[in-house]
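Participant: One structure, as structure tokens, below. Some questions next.
Numbering (the numbering used here), first residue to last: 8 to 170.
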């Protein structure tokens, strides 16, 4: 006999990220589900379901919606809201902003490390599970992070850590 143990991944979120996720989940479970039910009902009214592509498409869309709701619910269930003001900035941690320098071309970048659900490269927010984010975690100012990329290794020097 064996025992199955499932470990849930903790999702660290800012209050803003948690509120945004909660609002989106509420919208999907109310408005989204109502729209999916309406689309199925309208397709059902069009006759024979065995040859009704509209019905099949509506059912598929409903399935994708439920999958998204389920995934978001899991994130919310394992969410932990961290106060950015309580961070230990002696090293790179989740929700810290980090200024780094690419040692190959001397270009400097500043990124905020966030959870996967809050990552947005346009806003310079990178996931702690991304290759760069994961390599930066735990590093201190002056240390070098080796990042494995598809093109090989890149080296980044930690220039500053702040909120």
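Note that CB positions come from ideal geometry on N, CA and C, so glycine has one too.
Can you tell me whether residue 165 is buried or exposed, with buried defined as 16 or more other CB within 10 angstroms of its CB?
Facilitator: With 16 or more other Cβ atoms within 10 Å, it is buried.
Participant: Can you name the residues that DSSP bridges to residue 87?
Facilitator: Per DSSP, 19.
Participant: Looking only at C-alpha atoms, which of 129, 156, 113, 150 sits nearest to residue 137?
Facilitator: Nearest C-alpha to residue 137: 156.
Participant: For residue 159, name the three-state secondary structure that DSSP assigns.
Facilitator: Strand.
Participant: Exposed or buried, which one is residue 100 when buried takes at least 16 other CB atoms within 10 Å?
Facilitator: The residue in question, residue 100, is buried, as its Cβ has 16 or more Cβ neighbours within 10 Å.
Participant: State the DSSP-derived secondary structure class of residue 52, mapped to helix, strand or coil.
Facilitator: Three-state DSSP puts residue 52 in coil, outside helix and strand.
Participant: Residue 60 to residue 44, Cα distance in whole Å?
Facilitator: Roughly 16 Å between the two C-alpha positions.
Participant: Counting Cβ pairs, one atom from each stretch, are 3 or more of them under 8 Å apart for the segment 117-129 and the segment 94-109?
Facilitator: They touch, by the three-pair rule.
Participant: Nearest-angstrom Cα distance between residue 145 and residue 103?
Facilitator: So the two alpha carbons sit approximately 11 Å from each other.
Participant: So who's on the other strand from residue 105, going by DSSP bridges?
Facilitator: According to DSSP, which records beta bridges pairwise, residue 105 is partnered with 118, 168.
Participant: Among residues of its own chain, excluding the 5 on either side of residue 150, which ones have a beta-carbon nearer than 8 Å to its beta-carbon?
Facilitator: So the list reads 164, 165, once near-sequence residues are dropped.
Participant: Can you grab the Cα-Cα spacing for the pair residue 84 / residue 69, in whole Å?
Facilitator: Near 22 Å, if we compare the C-alpha coordinates of residue 69 and residue 84.
Participant: Rounded to whole angstroms, how far is the Cβ of residue 65 from the Cβ of residue 47, which I believe are closer than 8 Å?
Facilitator: Indeed they touch by this definition, with Cβ atoms about 5 Å apart.
Participant: By the 10 Å Cβ neighbour count, where 16 or more other Cβ atoms means buried, how is residue 140 classified, buried or exposed?
Facilitator: With 16 or more other Cβ atoms within 10 Å, it is buried.
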